[in-house]
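Here my numbering is used: position 102 in the sequence shown is 1444, and no number is missing along the way. Ideal placement from N, C-alpha and C gives every residue a C-beta, glycine not left out. Computed from a prediction, not measured in an experiment: that's the story for all the values here. Report on one structure; see the data block that follows.
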Amino acid sequence: MTTILDGKKLSAKILNKLSEEIRKLDKKPSLAVILVGDNPASELYVNLKKKAAEKIGITSTVLTYPQNIDEKTVLDKISELNNDKNVDAILVQLPLPQQINSTNIIQAISPKKDVDGFTPENIGKMSIGVEPYAYPCTPKGILTLLEEYKINLQGKHVVIIGRSNIVGKPLAQMLLNKDATVTICHSATTNLSDITKTADILISAVGKPKIIKKDMIKNNSVIVDVGTSKVDGKIFGDVDFENLSELTSYITPVPGGVGPMTIASLLVNTYELSKRMRKN
Ligand code: GUN
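Laid out in structure tokens, this is it:
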């Protein structure tokens, strides 16, 4: 029988504890979010982040810009936020429109306010096993969930599908730091199911509904589904949950698995950045 990795329940537990910590503070932690354009998924995610932040006493400000905004306007705003003592954490929602170079934008964020842990300084520190100011939120959420259910990573073969800078690449580094053996697969991988069938833990971050079928996994493996796709108003993960879950030892649902853990990690990161900021 499989066990559901309940991200909704764990995130509620984490956020309850965090809200108690925040209640004790004289000055609330503050998060600034930059949202460019009208990507409906980004709008939805930013709204969820804002609501969750406010619920636990984190001040959040969403700065919205039209799709055709120029890069300099966003860079100037980041510079202003970097210097604003009332802002502890900065998040630029990705993806950005084509005319904006995402790398330039990310590099402009002060590493000490980089709540996503995406700046070169934070990614570089993480890669050499030094504590960054913040760890990327989705990978951190996944590791927190696996730890809660006492899923051992040492020596385990973890296969990640997806090589994004947001999930796949930082997740691989964090798993390596935990002594896992990590394989990253991507759109040019030729023998995908041969590889996924060898995974003790399979993590899919593709964003295409039900592409992971039961003949692609090893029996009793752990399956983590990072994908969310909307089809006819219904949310699906990358994993064909109904037909495959009984073969697994642990599996995340979609929704209610990785998504809430990403938000919990974002708010924990915001709190921790604010604490460090006030010490200095
Ligand atoms: N877009 C999708 N996921 C994320 C995330 O974790 N952080 C940011 N900044 N943008 C995203």
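Check your understanding: When we look at the beta-carbon of Ser1616 and count the other beta-carbons within 10 Å, is it buried (16 or more) or exposed?
Key -> buried
Exercise for review: Going by DSSP, name the residue or residues bridged to Thr1403.
Suggested key: DSSP, once it has assigned bridges, lists Ala1374 as partnering Thr1403.
Exercise for review: Please confirm whether Val1388 and Gln1435 have their CB atoms less than 9 Å apart.
Suggested key: yes
Check your understanding: Relative to the C-alpha of Glu1396, which residue among Asn1507, Lys1370 and Asp1536 is closest?
Key -> Among Asn1507, Lys1370 and Asp1536, the Cα nearest to that of Glu1396 belongs to Lys1370.
Review point. What are the residues that DSSP puts in a beta bridge with His1499?
Key: Note: His1499 sits in a beta bridge opposite Thr1523.
Check your understanding: The alpha helix (DSSP H) with Ile1484 in it runs from where to where?
Key -> Cys1479 to Glu1490
Review point. Which of helix, strand or coil does DSSP assign to Asp1458?
Key: coil
Check your understanding: In whole angstroms, what separates the C-alpha of Ile1398 from that of Lys1454?
Key -> 22 Å
Exercise for review: Measure the C-alpha to C-alpha separation of Ile1526 and Gly1599 and round it to an integer number of angstroms.
Suggested key: 21 Å
Exercise for review: Would you check whether the ligand GUN has a heavy atom nearer than 8 Å to the C-beta of Thr1480?
Suggested key: yes
Review point. Counting along the chain, where does the beta strand (DSSP E) carrying Ser1571 start and finish?
Key: Ser1571 to Val1573
Practice item. Could you please give the first and the last residue of the uninterrupted alpha helix (DSSP H) stretch that includes Ile1420? Key: Glu1413 to Asn1424
Point to revise | Helix, strand or coil at Ala1431 according to DSSP, with G and I counted as helix | key: strand
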